[in-house]
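Counting from 1195, one number per residue, gives the positions in the sequence shown under our numbering.
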Amino acid sequence: MVSNAASAAAQQPDWPDPGRAAAVRSALAGSEPLVRWDDVRQLSALLARTAEGELCVLQAGDCAEDPAESTVADVASKAELLDVLGDIMRVGAGRPVVKVGRMAGQFAKPRSQPYECGVGGRLPAYRGPMVNGPEPTLRARRADPGRMIGGYRAARQVFRSLDRLGRGGDAAVLERVWTSHEALLLDYETPLVRPTGEGGGHYLASTHWPWIGERTRQPDGAHVRLLARLGNPVACKLGPRTTAAEALRLCALLDPDRVPGRLALIARFGAANIAGLAPLVRAVRRAGHPVLWMCDPMHGNTVRDASGLKVRHLDDIMNEIRWFLSIVSAGGGSCAGLHVEASPLDISECAGAGATPVRGPRYRTLCDPRLNPMQAVAVAAHWQL
Ligand code: PEP
Ligand code: CO
1195 MVSNAASAAA
1205 QQPDWPDPGR
1215 AAAVRSALAG
1225 SEPLVRWDDV
1235 RQLSALLART
1245 AEGELCVLQA
1255 GDCAEDPAES
1265 TVADVASKAE
1275 LLDVLGDIMR
1285 VGAGRPVVKV
1295 GRMAGQFAKP
1305 RSQPYECGVG
1315 GRLPAYRGPM
1325 VNGPEPTLRA
1335 RRADPGRMIG
1345 GYRAARQVFR
1355 SLDRLGRGGD
1365 AAVLERVWTS
1375 HEALLLDYET
1385 PLVRPTGEGG
1395 GHYLASTHWP
1405 WIGERTRQPD
1415 GAHVRLLARL
1425 GNPVACKLGP
1435 RTTAAEALRL
1445 CALLDPDRVP
1455 GRLALIARFG
1465 AANIAGLAPL
1475 VRAVRRAGHP
1485 VLWMCDPMHG
1495 NTVRDASGLK
1505 VRHLDDIMNE
1515 IRWFLSIVSA
1525 GGGSCAGLHV
1535 EASPLDISEC
1545 AGAGATPVRG
1555 PRYRTLCDPR
1565 LNPMQAVAVA
1575 AHWQL
């Protein structure tokens, strides 16, 4: 495995027992790959067709996936939601839709603040099921490297569930549920970088389509360095503070050969800031990078209600999509698809379409507020090309 020691890695946990973390890394390095190189190549071919304007992409799922929700029944309802939303987008776009879950590895979260203050005092932030526990106690928040093994096993179970449902490797490429997650936790991802068997290349065998987030996309950082060397298609989130120069630098690093569909740029500006996307689309187009522009209308629209609960308003989400479509088309970019946090469960975490979130059993996200199925349908209907 290639070490990331040369570049700084943002957002990594401070494992209290580094020896145990090293043992987990070796166990992962000796484990079976979760995806095959041949499958990754098939997804790359679909994303190349997306760049040509032939297909669209729907990328959807939990903010933080719960490893306990990996059974065939859990995965069947997630796949069903992807199918419903994909059908709506297909009609709105007049193009077949590539369905991609935020699943089978979406177990680690970046945090803006390393600590949170609650009734019990100051606690380390929750960093996702692969790092620590969500309960507000010091004990739960202690980072435990053993959780990476739990994450690997849960991901493997999701892949097996997809196979059992006929939505994995045996499915036709447009029937298949492809997997994606944020490649955040380097102690998990790096041991799963494997040889492609072709010309000395490597790919990430933890997922078909890794992305890096707004907090880990530093051009000289370890996450960009990791994605740059992978044969997988890759994606990168861009927020409202991104400059055109930064976007171009990321394109040069992540798509040096200007391969159609190789790089997706996922805009998550927020409805209030979406105008800032226009100069980036123009600059990337002028530089000749055939990127996929994806719209994440969730992460720039997170607010706190009067009680301090994190919510997102459907109006903001829908407005961001509308502006995204007009800005990207006007700039000559490819409007490739939607990236949303949505759940098949009957939840009330986002506001709108009859829901007003309050703390309680219908607000159960491990991290950010997700759309419920009715809200997700309303949002997908805004994908009109
Ligand atoms: C996420 O996708 O859950 C996330 C943290 O996104 P971002 O990096 O855009 O904030
Ligand atoms: Co999120």
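Quick reminder that beta carbons are idealized off the backbone N, C-alpha and C, glycines included.
Everything numeric in this text was worked out from a predicted model, so none of it was measured.
Spatial distance of residue i from residue j (CA atoms)
{"i": "Val1428", "j": "Pro1473", "result": "22 angstroms"}
{"i": "Ser1542", "j": "Asp1562", "result": "12 angstroms"}
{"i": "Met1512", "j": "Ala1422", "result": "33 angstroms"}
{"i": "Arg1214", "j": "Ala1270", "result": "35 angstroms"}
{"i": "Val1229", "j": "Gly1315", "result": "42 angstroms"}
{"i": "Val1196", "j": "Glu1369", "result": "Residue confidence for Val1196 is low, a pLDDT of 42 falling below 50, so the modelled location carries little weight and cannot support an answer."}
{"i": "Arg1553", "j": "Ala1439", "result": "42 angstroms"}
{"i": "Trp1577", "j": "Val1278", "result": "13 angstroms"}
{"i": "Arg1516", "j": "Val1367", "result": "29 angstroms"}
{"i": "Asn1566", "j": "Ala1223", "result": "37 angstroms"}
{"i": "Gly1407", "j": "Pro1304", "result": "8 angstroms"}
Residue i burial status per 10 Å Cβ neighbour count (16 or more: buried)
{"i": "Asp1490", "result": "buried"}
{"i": "Arg1321", "result": "buried"}
{"i": "Gly1410", "result": "Here residue 1410 turns out to be Thr, not Gly, going by the sequence shown. Burial call: buried."}
{"i": "Asp1509", "result": "exposed"}
{"i": "Glu1263", "result": "buried"}
{"i": "Ser1383", "result": "Sequence check: residue 1383 is Glu here, not Ser. Flag for Glu1383 reads buried."}
{"i": "Asp1381", "result": "buried"}
{"i": "Asp1414", "result": "exposed"}
{"i": "Glu1376", "result": "buried"}
{"i": "Glu1246", "result": "exposed"}
{"i": "Cys1445", "result": "buried"}
{"i": "Ser1220", "result": "exposed"}
{"i": "Pro1450", "result": "exposed"}
{"i": "Val1292", "result": "buried"}
{"i": "Ala1203", "result": "buried"}
beta-carbon residue i near the ligand CO non-hydrogen atom, thresh 7 angstroms
{"i": "Asp1281", "result": "no"}
{"i": "Cys1561", "result": "yes"}
{"i": "Cys1257", "result": "yes"}
{"i": "His1507", "result": "no"}
{"i": "His1375", "result": "no"}
{"i": "Glu1535", "result": "yes"}
{"i": "His1402", "result": "no"}
Helix, strand or coil at residue i according to DSSP, with G and I counted as helix
{"i": "Thr1331", "result": "coil"}
{"i": "Ile1541", "result": "coil"}
{"i": "Glu1369", "result": "coil"}
{"i": "Ser1201", "result": "coil"}
{"i": "Gly1554", "result": "strand"}
{"i": "Leu1508", "result": "helix"}
{"i": "Ala1524", "result": "helix"}
{"i": "Pro1166", "result": "Because the chain is modelled from 1195 through 1579, residue 1166 falls outside the range shown and cannot be assessed."}
{"i": "Thr1496", "result": "strand"}
{"i": "Leu1565", "result": "strand"}
{"i": "Leu1471", "result": "helix"}
{"i": "Arg1214", "result": "helix"}
Within 8 angstroms, strictly: CB atoms of residue i and residue j
{"i": "Arg1498", "j": "Asp1256", "result": "no"}
{"i": "Gly1433", "j": "Arg1476", "result": "no"}
{"i": "Leu1486", "j": "Val1294", "result": "no"}
{"i": "Met1297", "j": "Thr1373", "result": "yes"}
{"i": "Pro1484", "j": "Arg1452", "result": "yes"}
{"i": "Leu1275", "j": "Ala1572", "result": "no"}
{"i": "Lys1431", "j": "Ile1460", "result": "yes"}
{"i": "Glu1248", "j": "Arg1284", "result": "no"}
{"i": "Pro1328", "j": "Leu1560", "result": "yes"}
{"i": "Ala1481", "j": "Thr1244", "result": "no"}
{"i": "Ser1355", "j": "Val1266", "result": "yes"}
8 angstroms Cβ cutoff, residue i in contact with chain C
{"i": "Val1325", "result": "Considering every chain present, this structure includes no chain C. It has just one protein chain."}
beta-carbon residue i near the ligand PEP non-hydrogen atom, thresh 7 angstroms
{"i": "Gly1314", "result": "no"}
{"i": "Gly1407", "result": "yes"}
{"i": "Asp1490", "result": "yes"}
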